[in-house]
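> Each residue of the sequence shown is one higher than the one before, starting from 4 at the first, in the numbering used here. Built from N, CA and C at the ideal position, the CB exists for glycine as well. The model shown is predicted, which means the values in this text are computed figures rather than measured ones.
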Amino acid sequence: MYRQVPPVDRKMMQKINQNTLLNLIRVHAPVSRTELRRLSGLSQGTIFGMTASLIEQQLIVETGETQSTGGRKAELLEIYPEGGYVIGLEIREYELVIVLLNLHGNIVSIEHYEAQFRSNANHAIEWMITSVDAFIERTQVPRNKILGLGCGVSGCVNTQLGVVVDSWILNWHNVTIGPPLQEHFALPVFVDNAVNCLICYERLFRSGQMYHDFLLVTIGRGLGMAAIIRDIPFRGSQGLGAEFGHIPFGAEGRICECGNPGCLEAYVSDHGIVRTYAEIAARSNASHSAVSTISIEQLVELALQGDQDALQAFEVTGTYLGNGLASLVNLFNPECLIICNEGEHLLSLLSTTMTNALTQHTFSQLGKNLQIICEKNTTIESWARGAGCLVLQDFFSSPKHF
Ligand SMILES: [Zn+2]
Numbered sequence: 004m005y006r007q008v009p010p011v012d013r014k015m016m017q018k019i020n021q022n023t024l025l026n027l028i029r030v031h032a033p034v035s036r037t038e039l040r041r042l043s044g045l046s047q048g049t050i051f052g053m054t055a056s057l058i059e060q061q062l063i064v065e066t067g068e069t070q071s072t073g074g075r076k077a078e079l080l081e082i083y084p085e086g087g088y089v090i091g092l093e094i095r096e097y098e099l100v101i102v103l104l105n106l107h108g109n110i111v112s113i114e115h116y117e118a119q120f121r122s123n124a125n126h127a128i129e130w131m132i133t134s135v136d137a138f139i140e141r142t143q144v145p146r147n148k149i150l151g152l153g154c155g156v157s158g159c160v161n162t163q164l165g166v167v168v169d170s171w172i173l174n175w176h177n178v179t180i181g182p183p184l185q186e187h188f189a190l191p192v193f194v195d196n197a198v199n200c201l202i203c204y205e206r207l208f209r210s211g212q213m214y215h216d217f218l219l220v221t222i223g224r225g226l227g228m229a230a231i232i233r234d235i236p237f238r239g240s241q242g243l244g245a246e247f248g249h250i251p252f253g254a255e256g257r258i259c260e261c262g263n264p265g266c267l268e269a270y271v272s273d274h275g276i277v278r279t280y281a282e283i284a285a286r287s288n289a290s291h292s293a294v295s296t297i298s299i300e301q302l303v304e305l306a307l308q309g310d311q312d313a314l315q316a317f318e319v320t321g322t323y324l325g326n327g328l329a330s331l332v333n334l335f336n337p338e339c340l341i342i343c344n345e346g347e348h349l350l351s352l353l354s355t356t357m358t359n360a361l362t363q364h365t366f367s368q369l370g371k372n373l374q375i376i377c378e379k380n381t382t383i384e385s386w387a388r389g390a391g392c393l394v395l396q397d398f399f400s401s402p403k404h405f
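1) For Q396, which residues in the same chain have their Cβ closer than 6 angstroms to its Cβ, ignoring the five residues on either side in sequence?
2) Considering Cα atoms alone, identify which of Q374, T382, A387, L27 is closest to S210.
3) Is DSSP giving N20 helix, strand or coil here?
4) In three-state terms, what does DSSP make of C203?
5) Taking its Cβ as the centre, do 16 or more other Cβ atoms sit within 10 Å of F193, making it buried, or is it exposed?
6) At what residues does the alpha helix (DSSP H) containing G327 begin and finish?
7) Any residue with its Cβ nearer than 6 angstroms to a heavy atom of ligand 1 should be included. What is that list in chain order?
8) Straight-line CA distance for E93 to L393?
9) For R13, which residues in the same chain have their Cβ closer than 8 angstroms to its Cβ, ignoring the five residues on either side in sequence?
10) For C377, write down the residues that DSSP places opposite it in a beta bridge.
11) So what does DSSP say about C392, is it helix, strand or coil?
12) Please determine, among L218, I132, I235, the residue with the shortest C-alpha to C-alpha distance to A458.
13) Pairs of beta-carbons, one from the region 166 to 174 and one from the region 299 to 309, closer than 8 angstroms: are there three or more?
14) Taking a contact to mean a Cβ-Cβ separation below 9 angstroms, would you say T179 touches G165 in this structure?
15) Three-state secondary structure (DSSP) at K76?
16) Using only the heavy atoms of ligand 2, determine whether one of them is closer than 8 angstroms to the beta carbon of I222.
17) Hey, would you say V156 sits closer than 9 angstroms to G391, going by beta carbons?
18) By a C-beta neighbour count over all protein chains shown, 10 Å radius and 16 as the cutoff for buried, is M53 buried or exposed?
19) Is it true that the region 339 to 358 meets the region 374 to 386, where meeting means three or more beta-carbon pairs spaced less than 8 angstroms apart?
20) Expressed to the nearest angstrom, what Euclidean distance is found between the alpha-carbon atoms of L353 and T322?
21) For H215, count neighbouring C-beta atoms within 10 Å of its own C-beta (all shown protein chains included) and say buried if the count is 16 or more, exposed if not.
22) Mind reading off the beta-carbon distance from P183 to I128? Whole number of angstroms is fine, and I expect it under 8 angstroms.
23) Between F405 and S43, what straight-line distance do the alpha-carbon atoms span, to the nearest angstrom?
24) Take E59 as the anchor and find which of G48, T69, R41, I82 has the nearest alpha-carbon.
25) Just the C-alpha distance for V220 and G227, rounded to the nearest angstrom, thanks.
26) Within its chain, find whatever has a CB closer than 6 angstroms to the CB of G253; leave out the 5 residues flanking it on each side and keep chain order.
27) At the level of alpha carbons, what is the spacing between N326 and C261?
28) Could you tell me how far apart the beta carbons of V144 and Y88 are, in whole angstroms, since I believe they sit closer than 8 angstroms?
29) Kindly give me the distance between the Cβ atoms of A329 and H364, rounded to whole angstroms, as I take these residues to be in contact under 8 angstroms.
30) Assuming the contact rule is C-beta atoms closer than 8 angstroms, I258 and F317 should be a hit. Round their C-beta distance to whole Å, please.
31) Taking DSSP as the reference, what is the three-state secondary structure of N125?
32) Spatial neighbours of E205 within its chain, please: C-beta separation below 7 angstroms, excluding the five flanking residues on both sides.
33) Between which two residues does the alpha helix (DSSP H) harbouring D273 extend?
34) In angstroms with no decimal places, state the Cα-to-Cα distance between E378 and G48.
35) Checking 9 angstroms against the spacing of the C-beta atoms, do L106 and R29 come in under that value?
36) May I have the straight-line CA-CA distance separating N196 from G91, to the nearest angstrom?
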């Protein structure tokens with residue numbers, strides 16, 4: 004039996020048209036009303052009415068003039084950045100980063116709060132509410148200008164319910180965060196996997212703007228992935244997305260944080276690379292006593308200084324990663340792969356062997372026009388900005404009506 008689709012009422016239609024125009028103005032700014040009419044297919048009357056209303060709401064502004072056909076001047080429109088704000092929260096093991104973004108996705112204000120979120124889900128909501136309330140107070144942004152709040156968390160997230168299903172990094176399982184935050188702040192709250200947040204940022208404001216099919220892979224504390232397929236975020240049947248880090252890499256391999264043996268993340272991640280280095284160092288020189296406690300930053304430094312064991316650890320990891328990426332390319336045939344890391348040099352150390360393995364294992368023509376973008380310096384601020392972009396993504400898209 005088919006579900007009856009509710010009729011689109013006048014108000015909903017206006018909302019759809021308004022968001023369509025806002026998104027076209029965002030993407031094509033500065034843009035004239037004539038051009039908007041051509042891009043949207045809406046009537047001249049609707050365009051004039053809607054843009055007047057958006058100017059009144061301070062969501063767009065007239066920024067200049069262009070010579071239109073017939074010699075008449077046409078006003079150009081663009082998004083007014085301070086017309087609204089969103090809040091982004093990035094929840095890490097021992098830190099919460101809060102950002103306030105304007106409608107251009109720029110960071111207006113940022114604060115870091117230190118607290119042990121790992122294994123402490125019981126206190127997390129209370130800490131988030133207290134710190135965000137104080138943050139809003141300090142930014143002095145009127146509450147009615149805040150469009151919503153986005154939260155980025157590692158692991159599997161049920162975005163419909165706002166529930167963190169499993170985050171091994173935070174050691175949170177079935178933790179409901181969306182509804183209590185929404186109730187307290189009386190704002191729309193979006194919760195998603197942090198890598199999905201980051202791809203949202205890429206898609207709205209960075210390299211991802213140019214592509215309809217692209218993948219984003221993050222290497223750091225874990226190995227994450229998000230995908231945009233035909234302009235739509237890939238979520239799978241349960242809405243939980245793709246877990247690149249937990250594909251089996253070697254059945255007899257290292258035990259992953261998720262409990263399974265041989266996940267790719269146990270090899271391609273900060274702790275995975277350090278462990279590979281420790282194994283190599285143990286084979287080549289037994290006197291390396293502190294190798295297993297070395298940080299990834301120290302290991303990068305060692306490699307940059309020419310330490311052969313450190314260089315080998317990155318080379319081996321590059322091959323593992325390249326093999327994994329080839330699987331992704333063979334499955335998704337993306338236009339672009341964006342690879343992110345928080346540091347300046349780590350991706351460079353992996354890149355030669357990664358590219359070789361990727362090229363070798365990509366099937367037929369699937370990698371023919373593939374663009375690879377390495378986003379170094381994808382800092383914790385970028386992740387928090389991604390969380391805020393969950394709200395902006397909703398703001399600039401047409402509402403679903405069934
Ligand atoms: Zn795993």
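Per the coordinate set shown:
1) C203
2) Q374
3) helix
4) helix
5) buried
6) 311 to 335
7) H249, C259, C261, N263, C266, E268
8) 12 angstroms
9) none
10) I342
11) helix
12) Nothing about residue 458 can be read from this structure; the chain reaches only from 4 to 405.
13) no
14) yes
15) strand
16) Only ligand 1 can be found as ligands here, which leaves ligand 2 out of the picture.
17) no
18) buried
19) yes
20) 8 angstroms
21) exposed
22) 5 angstroms
23) With a pLDDT of 31 at F405, under the threshold of 50, the predicted position of this residue should be treated as unreliable, though the coordinate-derived value follows. Approximately 22 angstroms between the Cα atoms of the pair.
24) I82
25) 6 angstroms
26) G265
27) 21 angstroms
28) 5 angstroms
29) 3 angstroms
30) The pair is not a contact, with the Cβ atoms about 23 angstroms apart (cut-off 8 angstroms).
31) helix
32) G211, L219, I341
33) 273 to 287
34) 44 angstroms
35) yes
36) 13 angstroms
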